[in-house]
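Visitor: Throughout the sequence shown, residue numbering follows this note's numbering, covering 458 to 644 in sequence. Glycine is no exception: its CB is placed at the ideal position from the N, C-alpha and C atoms.
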Amino acid sequence: MRGTITLLQYEHGIIRQVTDVLSVMVKQGTLAKHQRQVTRIASFMDSYVTKMHHQVEERFLFKTAMAMSADLAKGARALMDDHAKVNGLISRLKQLSSRKQAFEDGTLAFVAKELVEAMTQHIRHEEDIYYPKVEEALSMEKDAELLMAIDEFTKAKFDREFVRTSEDVAIKLQDEVLGPGYYQGIR
Ligand SMILES: [Fe+2]
Ligand SMILES: [Fe+2]
458 MRGTITLLQY EHGIIRQVTD VLSVMVKQGT LAKHQRQVTR IASFMDSYVT KMHHQVEERF
518 LFKTAMAMSA DLAKGARALM DDHAKVNGLI SRLKQLSSRK QAFEDGTLAF VAKELVEAMT
578 QHIRHEEDIY YPKVEEALSM EKDAELLMAI DEFTKAKFDR EFVRTSEDVA IKLQDEVLGP
638 GYYQGIR
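Here it is as structure tokens:
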């Protein structure tokens, strides 16, 4: 087990909670009913995913993995292409969520569906294929170095409360859209 991987997997858990909320709204056709929540999901995704999680992966884990083997380098490049696509969809969702019209004419629903699919697939790929490979190749020493560098990066870029606030947003969104205790109930 490597701390860096554990940390990133934990973040995936938070991202998945919010992605699931969006997914339920897409499936039930209730995006227009939850415009305020969609706006909050878009800004959560922008800060937590685009600006934090993807940056941490690219600057630290992938950068290190790329230097370890050609196979890991190839994998990292493919995952970075996914990041570019997902970040683009997040920024599109953010723009559209401020336009009432986009909720009515189906453009927002289209982007939301694409985002849910791309995000889900990307996380699955990292968890099932890429992370286990990196975990095998990463030494304890390098892992400790990475964790320290990630901690420094996060402290420099985000305020002290960022992680806790983001987690609160994820839970609140679930409660508002899926009903209180939804996740406790299905555990
Ligand atoms: Fe990623
Ligand atoms: Fe990730």
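(1) Under 7 Å: does the beta carbon of Ile-547 sit that close to some heavy atom of ligand 2?
(2) Looking only at its chain, what residues have a beta carbon closer than 8 Å to the beta carbon of Arg-644, apart from the 5 residues adjacent to it on each side?
(3) Could you please go through the chain and list the residues whose beta-carbon is closer than 6 Å to any non-hydrogen atom of ligand 1?
(4) Quick check: what's the CA-CA separation for Ala-663 versus Met-458?
(5) How many whole angstroms separate the CB atoms of Glu-583 and Leu-536, which I take to be in contact at a CB cut-off of 8 Å?
(6) Can you give me the C-alpha to C-alpha distance between Asp-528 and His-579, rounded to a whole angstrom?
(7) Specify, as a first and last residue, the run of the alpha helix (DSSP H) that Arg-493 falls within.
(8) Which residues mark the beginning and the end of the alpha helix (DSSP H) in which His-510 is found?
(9) For Glu-624, report the span of its alpha helix (DSSP H) as first-last.
(10) With respect to 7 Å, is the separation between the Cβ of Leu-529 and the closest non-hydrogen atom of ligand 2 below this value?
(11) Assuming Tyr-505 and Ile-471 make a contact with CB atoms under 8 Å, what is their CB distance in whole Å?
(12) Nearest to Glu-571 by CA position, among Lys-542, His-491 and Lys-531, is which residue?
(13) How about Val-634 and Val-513: are their beta carbons less than 8 Å apart?
Guide: The short version:
(1) no
(2) With a pLDDT of 45 at Arg-644, under the threshold of 50, the modelled position of that residue is not reliable, and the figure given next carries that caveat. For Arg-644, where only same-chain residues beyond five positions count, there are no Cβ hits under 8 Å.
(3) His-511, Glu-514, Leu-536, His-540, His-579 and Glu-583
(4) Lying before the first or after the last residue shown, residue 663 is absent from the chain, which here runs from 458 to 644.
(5) 7 Å
(6) 18 Å
(7) 492-501
(8) That residue, His-510, is in no alpha helix (DSSP H); it is neither H nor E in DSSP.
(9) 619-635
(10) no
(11) 7 Å
(12) Lys-542
(13) no
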